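In the working numbering, the protein residues as written are 2 to 309.
We treat Cβ as the ideally placed atom computed from N, Cα and C, and that holds for glycine.
Keep in mind the model is a prediction, meaning the values are calculated, not measured.
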Ligand SMILES: [Zn+2]
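Right under this line is the structure:
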């Protein structure tokens with residue numbers, strides 16, 4: 002049986018599991034990321050997420066490891082180029098992981114790396130909502146906005162930056178500044194910090210989209226018309242998403258667009274607005290299916306898929 006260890010590295014946690022034919026066949030090991038403690042601590046956290054599957058390495062049941070990590074990164078060489086939330090800049094993660102497995106388990110394994118959002122879309126394209134489609138695109142809405150484009154079950158890299166859908170411009174003249182340093186990226190509107198900013202512009206002070214979601218749902222006591230305002234913020238976020246999606250349609254016209262990340266939990270407040278706005282701005286009336294992610298651990302499954 003072909004077992005691969007999939008590792009999904011995030012700013013808060015590292016998740017890993019054994020994947021076989023697109024299914025998780027082990028426990029999911031979750032390790033907190035010591036991102037504030039520096040490079041060595043994070044590498045150690047990654048090693049712990051590998052060591053948790055010691056038995057599989059010892060008897061040779063794992064021959065490959067796939068890693069999804071925040072980028073930008075060089076998927077060909079395995080090097081992290083720049084990472085805002087995790088101190089791995091300039092680290093060749095593939096070499097470190099290969100050496101760790103060789104030293105600890107006396108095994109040589111194949112190790113592959115790509116960015117976490119691409120891994121998520123890849124998993125959905127292979128085994129999730131996009132499995133019956135040949136041209137698939139997706140977004141992850143979280144701390145930042147990631148993206149990926151999959152053609153015929155292969156990740157589209159172009160010269161390296163293909164699928165960076167969070168940095169498509171929706172207002173580059175007088176828009177907001179993105180964490181990438183540029184003006185008017187989708188991320189500055191549809192990420193956690195983008196949504197907090199939109200909420201602020203509507204007179205709502207929230208620390209994150211989760212709090213906004215609770216207000217919109219009426220789960221959190223809030224005075225006045227805050228509930229309606231919170232809903233409005235999600236609708237506006239959906240409108241920005243739709244604008245970006247109409248650009249994606251003009252370039253790519255994918256058959257399906259899959260949206261994941263923790264902010265997609267507010268799909269009930271955003272979904273309709275995303276779809277309506279995409280239709281409004283689109284060059285064609287032939288709309289792709291726009292839907293939520295379907296896999297619970299897409300990041301792990303997609304990372305493992307890199308090594309298949
Ligand atoms: Zn940007």
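Measuring from the CB of residue i, is there a heavy atom of ligand 1 at a distance below 7 angstroms?
i, result
"residue 134", "no"
"residue 120", "no"
"residue 177", "no"
"residue 254", "no"
"residue 168", "yes"
"residue 103", "no"
"residue 188", "yes"
"residue 183", "yes"
Measure from the alpha carbon of residue i to the alpha carbon of each residue in the options, then state which is nearest.
i, options, result
"residue 283", "108, 132, 241", "241"
"residue 1", "85, 251, 107", "Look at the range of the chain in this structure, 2 to 309, and you will see that residue 1 is not part of it."
"residue 250", "197, 281, 225, 212", "281"
"residue 62", "152, 20, 90", "20"
"residue 144", "190, 134, 177", "190"
"residue 48", "216, 94, 129, 59", "94"
"residue 231", "287, 201, 41", "201"
"residue 272", "125, 234, 124, 165", "234"
"residue 90", "185, 121, 215, 40", "40"
"residue 170", "180, 238, 216, 186", "186"
"residue 70", "30, 113, 56", "113"
"residue 55", "17, 210, 180", "17"
"residue 217", "270, 80, 37", "270"
"residue 264", "162, 238, 287, 87", "238"
"residue 193", "229, 146, 87, 38", "146"
"residue 116", "42, 98, 81", "81"
"residue 65", "267, 31, 51", "51"
"residue 130", "299, 118, 175", "299"
"residue 286", "236, 247, 150", "247"
"residue 111", "98, 121, 119, 120", "98"
"residue 45", "67, 77, 57, 88", "88"
"residue 308", "11, 214, 79, 60", "79"
Residue i lies in the alpha helix (DSSP H); which residues open and close that run?
i, result
"residue 305", "299 to 307"
"residue 148", "Residue 148 -> not in any alpha helix (DSSP H); beta strand (DSSP E) instead, spanning 146 to 152."
"residue 249", "227 to 252"
"residue 193", "193 to 202"
"residue 132", "No alpha helix (DSSP H) contains residue 132, which DSSP labels as neither H nor E."
"residue 274", "268 to 282"
"residue 59", "55 to 59"
Over the uninterrupted beta strand (DSSP E) stretch that includes residue i, give me the two end residues.
i, result
"residue 120", "That residue, residue 120, is in no beta strand (DSSP E); its alpha helix (DSSP H) goes 117 to 128."
"residue 98", "Careful: residue 98 lies outside any beta strand (DSSP E), inside the alpha helix (DSSP H) at 94 to 106."
"residue 51", "That residue, residue 51, is in no beta strand (DSSP E); its alpha helix (DSSP H) goes 40 to 52."
"residue 1", "The requested residue 1 is not part of the displayed model; the chain covers only 2 to 309."
"residue 293", "290 to 293"
"residue 166", "Segment: none, residue 166 is in no beta strand (DSSP E) and carries neither H nor E."
"residue 216", "Per DSSP, residue 216 belongs to no beta strand (DSSP E); it is in the alpha helix (DSSP H), 210 to 218."
"residue 9", "4 to 10"
"residue 16", "14 to 21"
"residue 33", "30 to 33"
"residue 64", "63 to 70"
"residue 182", "Counting along the chain, residue 182 falls outside any beta strand (DSSP E), and DSSP gives it neither H nor E."
"residue 261", "257 to 261"
Any chance the CB of residue i is under 7 angstroms from a heavy atom of ligand 3?
i, result
"residue 113", "Within the structure as shown, ligand 3 is missing, the only ligands being ligand 1."
Using a C-beta cutoff of 8 angstroms, does residue i count as contacting chain D?
i, result
"residue 41", "In summary, chain D is missing from the structure at hand, where a single protein chain is found."
Three Cβ pairs or more, each shorter than 8 angstroms: is that satisfied between the stretch 270 to 277 and the stretch 198 to 205? no
Under 8 angstroms: do the stretch 93 to 107 and the stretch 128 to 143 share three or more Cβ pairs, one atom per stretch? No: the two stretches stay apart, fewer than three of their Cβ pairs being nearer than 8 angstroms.
Cβ contact check for the stretch 222 to 233 and the stretch 242 to 261: 3 or more pairs under 8 angstroms: no
Does the contact criterion of 3 or more C-beta pairs under 8 angstroms hold for the stretch 153 to 161 versus the stretch 15 to 26? no
Would you call the stretch 288 to 308 and the stretch 4 to 18 in contact, with 3 or more CB pairs under 8 angstroms? yes
Check whether the stretch 122 to 134 touches the stretch 286 to 294, taking contact to mean three or more Cβ pairs, one atom from each stretch, closer than 8 angstroms. yes
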